[in-house]
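Novice: Protein chains in written order, with numbering that gives the first Met the number 0: chain A, 0 to 237; chain B, 0 to 308. Input: one structure, supplied below.
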Amino acid sequence: MTALLEVEDLKVAYGKIEAVKGISFSVEAGQIVTLIGTNGAGKTTTLRTLSGLLKPSGGRIIFDGRPLNGIGAHKIVAMGLAHSPEGRRIFPRLTIAENLKLGAFLRKDTAGIEKDIKRAYELFPILGERSKQAAGTLSGGEQQMLAMGRALMSQPKLLMLDEPSMGLSPIMMQKIMATIAELKSQGTTILLVEQNAQAALSLADQGHVMEVGKVVLSGTGQDLLVDESVRKAYLGED
Amino acid sequence: MNDLPQQLANGLLLGALYGLIAIGYTMVYGIVQLINFAHGEIFMIGGFGALTVFLWLPSGTSLLLALPLMILMAMACSVLVAVGAERFAYRPLRNAPRLAPLITAIGLSIALQQAIWAFYPDATKSRPFPEFEGGRLDFGAFAISRGDLFLLIAAPLCMITLGVFVSKTRTGRAMQATSQDPDTAKLMGINTDRIIVTAFAIGAAFAAIAAVAHGLKYGEVNFKMGFIAGLKAFTAAVLGGIGNIYGAMIGGLVLGLAEAMATAYIENIPGMSQLGGGAWKDVWAFVLLILVLLLRPQGLLGARVSDRA
């Protein structure tokens, strides 16, 4: 069986500076795959390239059997790749319900959209309670829930989450991680970018460690959790 | 002050005209952060489009019958120029430093003015615009011209339509999303290029309606009319809070009222007797702009909801 997402020797440059220097990895349907690494390792750049916001300078991206290179971002969503961006990026002056509806922008099945909005409210009850409120008034954690809920509204084959735990309290972070596990158990395929390596690797089937634009280490989540170099560099152990 | 109702009516009508043009500045700015200084000329070209179609019709055609055709032609001309400007002048500069599209807009403004001056028959001087026959409509306390009646109907109709469009339709929501965060809008599957073109087109269509109203109100069109009207509308957009469509209309009304009041009454203030009358009206409009920029730079309706990180 071929993988849902296949990334081969992907390179991305900002002008002359190469931020991603030829990385390869794949995501199988039903898996959680995580990219971990420090700031500036190229994780966010990788996700922004996969969703079409940045153009690759080299390499190949095959998603669901089709090449993604050079396709506009709005068409990639239609192919089933959803991206919950770094910093959450909810639409602050629209209501929560409007934000969720925008996540389903390309869908025409009104009844299905309503059903999925209800599902998002079940997953995150606080969003249902505040559905008519401007999204900019939510707390950071609530905004993260909205960003995830919004990304799910497109019924993606692959959900990409960029730093979902960034800036959150430990309790809120646990909640978000539990939700990611729940989404996986419901069959959602997830590509997770995280600075919180411990949490990400505990959830992940596969993990890749990135350093300055390259994948330096790959393995199952469990393997990487017990790997000595990973423990030293990312889990804060001596 | 017994002519106050008349001055209020004058101010509100003038303000409605500014507001209609201001929509174009504010929608384009709201989505691509560009002050489209060629918008005044897009307005002017609408006026010439309307005049052209009127001249095509057999002489003696009633203005009321001609009006729908004139509006359509005005819109067609303005929208074509605006969409063309976006596609060929502004889009290639989308990722250039902000100053580049701004200078392009100013250049385009001059080029469009001169093109009409050079190529439209007899446009080197003002061309008469058809006017409704009959005297002013007397409402007792005030009277308005028959041409103003068009503005009185068109301006609220346009604003209500736009308000419903932006808040209720799918494209309208996509427009709000694009103005708040273009990259994330793309991640929702929104074709932001198409949204940008739509914003230019709606702004141009409103400017075209304003141009017909302007022609009916003043009885002429000329190649320079976009300059001062454009500046006033830009002032209205800033006054209301640039990027906010309701702000544009309110800014227009406030500006129109301020201009009418200042023109009529400022000479009654002791020591300011030389500053009254029509010759100073543009001065008061820009004094108001300067005051707003100093005291409330976000405009009357700017920044309503704070964005938490």
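Don't be surprised by glycine CBs; every beta carbon is placed ideally from N, CA and C.
(1) What in chain A is Cβ-close to D182(B), meaning under 7 Å?
(2) Cβ closer than 9 Å: which chain A residues qualify as neighbours of A176(B)?
(3) So I189(B) contacts chain A; which residues on that side make the cut at Cβ distance below 7 Å?
(4) Measuring alpha carbon to alpha carbon, tell me which residue in A206(B), A81(B), D281(B) and L287(B) is nearest G46(B).
(5) Please state the DSSP three-state secondary structure of V211(A).
(6) Taking L13(B) and E258(B) to be in contact with their CB atoms under 8 Å, please state how far apart those CB atoms are, rounded to whole angstroms.
(7) Between M174(B), A263(B), L300(B) and V78(B), which lies nearest to G251(B) when the distance is taken from Cα to Cα?
(8) Hey, is P155(A)'s beta-carbon within less than 8 Å of any beta-carbon in chain B?
(9) Quick one: what's got a C-beta closer than 6 Å to R307(B)'s C-beta in the same chain, skipping five residues either side?
(10) Would you be able to state if there are at least three C-beta pairs under 8 Å between the segment 53-62 of chain B and the segment 10-24 of chain B?
(11) Spell out whether any CB of chain B is found under 8 Å from the CB atom of A119(A).
(12) Does M172(A) come out as helix, strand or coil in the three-state DSSP assignment?
(13) Does A104(B) get closer than 8 Å to chain A when you measure Cβ to Cβ?
(14) Chain A partners of K185(B), CB-CB under 7 Å?
(15) For N195(A), which residues in the same chain have their Cβ closer than 8 Å to its Cβ, ignoring the five residues on either side in sequence?
(16) Going by C-alpha distance, which of A18(A), V211(A), G41(A) and S50(A) is nearest L158(A)?
(17) Return yes when the Cβ of F233(B) is within less than 8 Å of the Cβ of M43(B), no when it is not.
(18) On the criterion of 16 or more Cβ atoms from any shown chain inside 10 Å, does N243(B) qualify as buried, or is it exposed?
(19) For V76(A) and chain B, any beta-carbon pair shorter than 8 Å?
(20) Give a yes or no on whether the C-beta atoms belonging to S68(A) and P84(A) are separated by under 8 Å.
(21) Quick check on A247(B) - is its C-beta less than 8 Å from some C-beta in chain A?
(22) Do three or more CB pairs link the segment 126-145 of chain A to the segment 205-220 of chain B at distances below 8 Å?
(23) Can you tell me the Cα-Cα spacing of L224(A) and L80(A), whole angstroms?
(24) Would you verify that the beta carbon of P55(A) is, or is not, closer than 8 Å to some beta carbon of chain B?
(25) In angstroms, rounded to a whole number, what distance separates the CA positions of Y233(A) and T219(A)?
(26) Cβ closer than 8 Å: which chain B residues qualify as neighbours of Q84(A)?
(27) Would you say Q297(B) lies against chain A (beta-carbon separation less than 8 Å)?
(28) Going by alpha carbons, who is nearest to V11(A) out of K20(A), E5(A) and L4(A)?
(29) Whole angstroms are fine: how far does the CA of E5(A) sit from the CA of R62(A)?
(30) Tell me whether T187(A) sits in a helix, a strand or coil according to DSSP, three-state version.
(31) Taking the alpha-carbon positions, what's the D281(B) to M224(B) distance?
(32) Here's the rule I'm using: 16 or more other beta-carbon atoms within 10 Å means buried, otherwise exposed. How should I241(B) be labelled?
(33) Can you look up S83(A) in the DSSP assignment and give me helix, strand or coil?
(34) Under a CB-based cut-off of 8 Å, is A173(B) close to chain A?
(35) Provide the residue(s) that pair with A133(A) in DSSP beta bridges, ordered along the chain.
(36) Is the separation between the beta-carbon of H38(B) and that of G23(B) shorter than 8 Å?
Specialist: Well, looking at it:
(1) L52
(2) F90, L93, E97, N98, L101 and F104
(3) H73 and F104
(4) A206(B)
(5) coil
(6) 6 Å
(7) L300(B)
(8) no
(9) Low confidence applies here, because R307(B) scores a pLDDT of 36, under 50, leaving its location unreliable; read the following figure in that light. Excluding residues within five positions, none has a Cβ falling inside 6 Å.
(10) no
(11) no
(12) helix
(13) no
(14) L52, A72 and H73
(15) S164 and M172
(16) S50(A)
(17) no
(18) buried
(19) yes
(20) The displayed chain sequence assigns Asn, not Ser, to residue 68(A). Taking 8 Å as the Cβ cut-off, N68(A) and P84(A) do not qualify as a contacting pair.
(21) no
(22) no
(23) 28 Å
(24) no
(25) 16 Å
(26) Checking the sequence, you will find Pro at residue 84(A) rather than Gln. By Cβ distance, chain B contributes D182, T183 and L186.
(27) no
(28) K20(A)
(29) The amino acid occupying residue 62(A) in the given sequence is Phe; Arg does not appear at that position. Cα to Cα, the separation comes out at about 6 Å.
(30) coil
(31) 14 Å
(32) buried
(33) strand
(34) yes
(35) T94(A)
(36) yes
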